[in-house]
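Numbering (our numbering), first residue to last: 17 to 221.
These notes are about the structure you will find just below.
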């Protein structure tokens with residue numbers, strides 16, 4: 017069944033109760049339609065695959081989506097590169113089962129086509145299995161989540177800035193140490209040259 021309570025929309029398929037898609041069925045979002053059909057697929061005994069879509073010419077957003085059985089279509093034949101390689105198992109059998117959902121002007125997503133029949137055996141979920149999926153959160157919950165993520169992002173930025181400051185200090189210390197070593201080496205070289213120069217003067221005298 018589909019329930020709505022406290023602003024949350026849930027999809028539940030439990031025990032022997034069946035909620036089957038039908039033309040005209042409405043969802044609050046594309047994601048809600050996906051989750052519902054995926055739950056229905058699991059309950060019935062097949063795997064859903066997200067298939068083709070169409071975008072709005074006005075803003076480029078997806079406004080039409082087809083959800084199919086994973087055995088839809090046929091795999092394209094490709095010659096094997098090696099005779100030693102085992103052929104891949106056939107996973108597509110031309111199954112026609114699907115639903116098509118379309119976004120209406122109201123903002124809701126509506127089922128415009130539903131094909132129930134499969135051309136292959138189904139493996140239903142156990143009778144006592146339960147699958148309840150949360151499709152959406154309330155606006156308050158979303159705001160709280162956004163604030164939590166924003167605060168976490170700010171903490172990470174501060175931590176990153178602190179690491180960067182420490183790294184800059186280390187690099188400055190290394191540069192100063194390198195300059196100090198260079199000055200010492202230059203002084204040593206200069207001293208050696210002066211000593212050699214004095215030796216040459218004494219030898220000539």
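Cβ coordinates follow ideal geometry from the N, Cα and C atoms, glycine included.
- Taking every protein chain shown into account, the CB of residue 50 has 16 or more other CB atoms within 10 angstroms, so this residue is buried.
- Between the alpha carbons of residue 181 and residue 166 lies a distance of about 22 Å.
- Residue pairing by DSSP puts residue 115 in a beta bridge opposite 83, 130.
- The DSSP-derived three-state label of residue 67 is strand.
- In this structure, 70 is the residue among 70, 74, 133 with its C-alpha nearest to the C-alpha of residue 81.
- In the three-state reduction of the DSSP assignment, residue 43 falls in the strand class, which pools E and B.
- Considering only 138, 75, 191, the residue with the shortest C-alpha distance to residue 60 is 138.
- In this structure, residue 54 sits near residue 64, with a CB-CB distance shorter than 9 Å.
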